[in-house]
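In what follows, a structure is listed as structure tokens, so that the remarks can point back to it.
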Amino acid sequence: MTPLLDVRDITKRYGARIGCKDVGFALWPGEVMGIVGESGSGKSTLLGCLAGHLPPDTGEVLFDTRDGGPRDTLKMSEAERRMLARTDWAFVHQNARDGLRMGVSAGGNVGERLMAVGARNYGDIRARAEDWLDRVEITEDRMDDRPGAFSGGMQQRLQIARNLVTGPRLVFMDEPTGGLDVSVQARLLDLLRGLVRQMGLSAVIVTHDLAVVRLLADRLMVMKDGHVVEQGLTDQVLDDPQHGYTQLLVSSVLQV
Amino acid sequence: MTDYNFAYLDEQTKRMIRRAILKGLAIPGYQVPFASREMPMPYGWGTGGVQLSAATLTPDDRLKVIDQGADDTTNAVSIRKFFEKTARVATTEHTPDASVIQTRHRIPEAPLSEDQILIYQVPIPEPLRFLEPSEVETRKMHELSEYGLMHVKLYEDIARHGHIATSYAYPVQVEGRYVMDPSPIPKFDNPKLSDCAAIQLFGAGREQRIYALPPHTKVVSLDFEDHPFDPSKADAPCALCGDTSSYLDEVITDDAGTRMYVCSDTDHCQTRREAGHSKETAA
Amino acid sequence: MIKLDNVSKHFTLHNQGGASIPVMAGATLSVEAGECVALVGPSGAGKSTLMRMIYGNYLADAGRIMVGGTDVARAAPREILALRRNTLGYVSQFLRVVPRVPTLDVVAEPLITLGTDPQAARERARELLARLNIPEHLWPLSPTTFSGGEQQRVNIARGFAHDYPTLLLDEPTASLDVTNRTVVLSLIDEAKARGAAIIGIFHDTEARAQVCDREVDVGRFTPVPA
Numbered sequence: 001m002t003p004l005l006d007v008r009d010i011t012k013r014y015g016a017r018i019g020c021k022d023v024g025f026a027l028w029p030g031e032v033m034g035i036v037g038e039s040g041s042g043k044s045t046l047l048g049c050l051a052g053h054l055p056p057d058t059g060e061v062l063f064d065t066r067d068g069g070p071r072d073t074l075k076m077s078e079a080e081r082r083m084l085a086r087t088d089w090a091f092v093h094q095n096a097r098d099g100l101r102m103g104v105s106a107g108g109n110v111g112e113r114l115m116a117v118g119a120r121n122y123g124d125i126r127a128r129a130e131d132w133l134d135r136v137e138i139t140e141d142r143m144d145d146r147p148g149a150f151s152g153g154m155q156q157r158l159q160i161a162r163n164l165v166t167g168p169r170l171v172f173m174d175e176p177t178g179g180l181d182v183s184v185q186a187r188l189l190d191l192l193r194g195l196v197r198q199m200g201l202s203a204v205i206v207t208h209d210l211a212v213v214r215l216l217a218d219r220l221m222v223m224k225d226g227h228v229v230e231q232g233l234t235d236q237v238l239d240d241p242q243h244g245y246t247q248l249l250v251s252s253v254l255q256v
Numbered sequence: 257m258t259d260y261n262f263a264y265l266d267e268q269t270k271r272m273i274r275r276a277i278l279k280g281l282a283i284p285g286y287q288v289p290f291a292s293r294e295m296p297m298p299y300g301w302g303t304g305g306v307q308l309s310a311a312t313l314t315p316d317d318r319l320k321v322i323d324q325g326a327d328d329t330t331n332a333v334s335i336r337k338f339f340e341k342t343a344r345v346a347t348t349e350h351t352p353d354a355s356v357i358q359t360r361h362r363i364p365e366a367p368l369s370e371d372q373i374l375i376y377q378v379p380i381p382e383p384l385r386f387l388e389p390s391e392v393e394t395r396k397m398h399e400l401s402e403y404g405l406m407h408v409k410l411y412e413d414i415a416r417h418g419h420i421a422t423s424y425a426y427p428v429q430v431e432g433r434y435v436m437d438p439s440p441i442p443k444f445d446n447p448k449l450s451d452c453a454a455i456q457l458f459g460a461g462r463e464q465r466i467y468a469l470p471p472h473t474k475v476v477s478l479d480f481e482d483h484p485f486d487p488s489k490a491d492a493p494c495a496l497c498g499d500t501s502s503y504l505d506e507v508i509t510d511d512a513g514t515r516m517y518v519c520s521d522t523d524h525c526q527t528r529r530e531a532g533h534s535k536e537t538a539a
Numbered sequence: 540m541i542k543l544d545n546v547s548k549h550f551t552l553h554n555q556g557g558a559s560i561p562v563m564a565g566a567t568l569s570v571e572a573g574e575c576v577a578l579v580g581p582s583g584a585g586k587s588t589l590m591r592m593i594y595g596n597y598l599a600d601a602g603r604i605m606v607g608g609t610d611v612a613r614a615a616p617r618e619i620l621a622l623r624r625n626t627l628g629y630v631s632q633f634l635r636v637v638p639r640v641p642t643l644d645v646v647a648e649p650l651i652t653l654g655t656d657p658q659a660a661r662e663r664a665r666e667l668l669a670r671l672n673i674p675e676h677l678w679p680l681s682p683t684t685f686s687g688g689e690q691q692r693v694n695i696a697r698g699f700a701h702d703y704p705t706l707l708l709d710e711p712t713a714s715l716d717v718t719n720r721t722v723v724l725s726l727i728d729e730a731k732a733r734g735a736a737i738i739g740i741f742h743d744t745e746a747r748a749q750v751c752d753r754e755v756d757v758g759r760f761t762p763v764p765a
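Protein chains in written order, with this note's numbering: chain A, 1 to 256; chain B, 257 to 539; chain C, 540 to 765.
The structure is reproduced here in structure tokens:
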């Protein structure tokens, strides 16, 4: 078996400052990896490098493409990378507004990726959008409403539907539950977990919320000052942290 | 009359515009940036088209200017007078007699020929603009032929109105490559864009873009399989010439809301009436 | 089925002066198929620690922890995940679930993850929940609001949903009444009968005597402070 995503020696500097340094890992099909760390730890920089939003200074991001096997996405042409980004990859932004077209209806938002890959039958597009809205618990009567009329949780669910409609194999998520009410977070987590399992998705989730990774991630990577200080099985890293920083992180979580 | 260089613009500017035109003709549908000049008329009055006409006209040309199909409306009259004054070229209202036709939002009904140039005035050249506000992003989308968004616009139309309600500035794809805004011509005119014998030039003054269709270019209106493109128009004969196939304007004739439909192309209507056609001779 | 060989472990508390606390040394034991072994020893001897190490929840410093064909002490995360999915079940004292997921789905999840038809998986979940006397009207509700005893039984149902070849049971009968304790003990007996290798911690000596074939005193593995 080949890893779906094989990341090697990713380094990104901002001038003299280190964004992230020498990061490497392999993500296997169906695996969910969490990346935790506080603000400025380099986790978002790393996610940006993986997802093709930021060019890293060094390193390789090998993705097991459907047709060509493992290929370094950093060496792909921009056209290929963007094609990947709207077919086999998905990116869920923390702020749904960054991932949605606010001037387009919910159905249009979901249908866009289908149309982007050549769907030209209105009835089919609409049916598939409706199916996906249903899967993220948005009722059909809201289909023609614009996202501005939705609550934060609904917007986030819409963003997820919009991303998953083309059946991607790899999802990048940047603080997917950030900024949502706790009750809404739980619902979203449940939804994400169900979708990940049903679709056999692989995912890389960046968050500072340890509870989120415990519920969603199989594996965990802990970052500090641009470096990976510890990685392993999620429950092992959280319950038996080896690095001082991870111990601090885990012991700092408030219990309820 | 020695106060003006021929056709108002200086020769260097005209050369710059001609280079943009040639580039546009070489890459049909691609928006070529150009250094649009201030013209002695407000933006929105066709400054893009006027600059194209100025760069295209030669002393031997015969110019026709139409505004929504009509030769006798303010915009058409003032632009025609502008070139009569600055270029001293002959003008005409008769489509087949013109060698250069500047138009605002119509394509003449009479078929165009190989020795004619049709110049469109364009307010917003970027068809993706309404859904993607970033110019950097839209240029990237053109570069990579990422045109799914264009169909999102049509999808929204159908979702909201039950059919594609876009009735003018209906987006087209040129030779299977660039998606292009045909300027706010009625969608009824879209089929005439394709395989046209004349050169078609598009100029947006404020937005500083020129694009072009060389003769006999294939131009396809975007649509869905189950909602095909429909170049429909008002289903009535012209009240003056009785034509059932031309594009019609709806004219309200009194305070009670009485209306009549007449040809939008005044020259077409006039020519038919001179040939003896009328509402009574139709059908 | 389960074989530990010279396993050791210490904790380093980096944020408390880097204190190093050895908790396990020379842990060696083996459990055959169809056998149930009880971990015994005084509180703090490391019974739960050892069990967590076998599950891969705690890292081992040295030694081998063979479960099925996998050395948990050295396996990559995905190998441990596969082991937990297919081979190694764990009933902990605490129920940790996503809020809002119905009890029935919590119990059926291990089977669905393995690719069992969801219908059949829920059927099995219903059977177990009924057997463990969870009232049917609670099945569609999330177990997060249940009483301690109910949560414990949901946990047990979940742990027994799939016929794991190896099972770890951490106080499976604690906080259960007599009836339910009997049910759990019979579940354990059935698992043994189908050949499961089981390691358990039972404070309940009676229950221990009833299902366990042997006892291993974890106190033997407690490192002597230097």
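For each residue, glycine too, the CB sits at the ideal point set by N, CA and C.
Keep in mind that this is a model prediction, so the values were computed, not measured.
{"Asked": "Completely contained alpha helix (DSSP H) runs for the stretch 137-220 of chain A, where each covers 4 or more residues", "Found": "152-164, 182-199, 210-216"}
{"Asked": "Members of the stretch 318-333 of chain B that neighbour chain A once the beta carbon cut-off is set at 9 Å", "Found": "none"}
{"Asked": "The stretch 99-107 of chain A contacting the stretch 185-201 of chain A, beta-carbon criterion three pairs below 8 Å", "Found": "no"}
{"Asked": "Beta carbon of A:C49 nearer than 8 Å to that of A:K12", "Found": "yes"}
{"Asked": "Range covered by the alpha helix (DSSP H) that runs through C:M592", "Found": "586-594"}
{"Asked": "Expected contact under 8 Å - CB spacing of B:R395 and B:G302 to nearest Å", "Found": "Going by Cβ atoms, the distance from B:R395 to B:G302 rounds to 25 Å, so no, they are not a contact pair."}
{"Asked": "Chain-ordered neighbours of A:V104 on chain B, where CB pairs are closer than 8 Å", "Found": "L387, V408, E412"}
{"Asked": "Proximal residues of chain A, C-beta to C-beta of C:G595 below 7 Å", "Found": "L233, Q236"}
{"Asked": "is_contact[A:D144, chain B] using C-beta, thresh 8 Å", "Found": "yes"}
{"Asked": "Reference C:A629; option with closest CA among C:A736, C:R720, C:D709, C:P638", "Found": "In the sequence as displayed, the identity of residue 629 of chain C is Tyr instead of Ala. Comparing Cα positions, the closest option is C:D709."}
{"Asked": "Presumed contact (8 Å Cβ cut-off) between C:A736 and C:M540, rounded CB distance", "Found": "3 Å"}
{"Asked": "Sheet register partners of A:S44 (DSSP bridge)", "Found": "Answer is none; A:S44 lacks a bridge partner."}
{"Asked": "B:A311 to B:M272 span [Cα, whole Å]", "Found": "9 Å"}
{"Asked": "Beta-carbon neighbours of B:D482, restricted to chain A and to distances below 7 Å", "Found": "N121, Y122, G123"}
{"Asked": "Host beta strand (DSSP E) of A:L5 (start-end)", "Found": "5-14"}
{"Asked": "Every unbroken alpha helix (DSSP H) within the stretch 346-374 of chain B, with a cutoff of 4 residues, ordered by chain", "Found": "none"}
{"Asked": "Contact belief for B:Q429 with B:V392 at Cβ below 8 Å, rounded distance in angstroms", "Found": "The pair is not a contact, with the Cβ atoms about 22 Å apart (cut-off 8 Å)."}
{"Asked": "Closest residue to B:L410 among B:E402, B:S423, B:E399 (Cα-Cα distance)", "Found": "B:S423"}
{"Asked": "Within chain A, the residues that C:D619 reaches when beta carbons sit closer than 7 Å", "Found": "Going by the sequence as given, residue 619 of chain C is Ile instead of Asp. Near C:I619 (Cβ distances below 7 Å), the residues of chain A are L233."}
{"Asked": "C:N596, buried or exposed, once every other Cβ within 10 Å from all chains shown has been counted against 16", "Found": "buried"}
{"Asked": "Among B:E267, B:L281, B:P296, B:V356, nearest to B:D317 - alpha-carbon criterion", "Found": "B:V356"}
{"Asked": "Proximal residues, the stretch 205-227 of chain A versus chain C, C-beta separation under 8 Å", "Found": "R214, L215, D218, R219"}
{"Asked": "Distance between B:V518 and B:R528 (C-alpha atoms, nearest Å)", "Found": "12 Å"}
{"Asked": "Whole alpha helix (DSSP H) elements within the stretch 266-313 of chain B, 4-residue minimum", "Found": "267-282, 303-312"}
{"Asked": "Endpoints, the alpha helix (DSSP H) within which C:Y597 is located", "Found": "Neither: C:Y597 is in no alpha helix (DSSP H) and is coded neither H nor E."}
{"Asked": "Supposed contact pair B:K474 and B:S450 - C-beta distance, whole angstroms, cut 8 Å", "Found": "6 Å"}
{"Asked": "Chain A contact residues for B:E402, given Cβ-Cβ distances below 9 Å", "Found": "A79, R82, M83, R86, A116"}
{"Asked": "According to DSSP, residues forming a beta bridge with B:L504", "Found": "B:C519"}
{"Asked": "Within chain C, partners of A:E31 - CB distance below 7 Å", "Found": "R617"}
{"Asked": "Alpha helix (DSSP H) segment containing C:V693, residue limits", "Found": "687-700"}
{"Asked": "Cα-Cα separation, A:Q156 to A:L47", "Found": "19 Å"}
{"Asked": "B:L457 Cβ short of 7 Å to the ligand SAM heavy atom set", "Found": "Among the ligands in the structure shown, none appear at all, so the ligand SAM cannot be discussed."}
{"Asked": "The stretch 454-464 of chain B contacting the stretch 489-509 of chain B, beta-carbon criterion three pairs below 8 Å", "Found": "no"}
{"Asked": "For B:T514, three-class secondary structure by DSSP", "Found": "coil"}
{"Asked": "Partners in chain C for A:W28, counting only beta-carbon separations shorter than 7 Å", "Found": "R617"}
{"Asked": "Between the CA atoms of A:T58 and B:N331 - distance to the nearest angstrom", "Found": "59 Å"}
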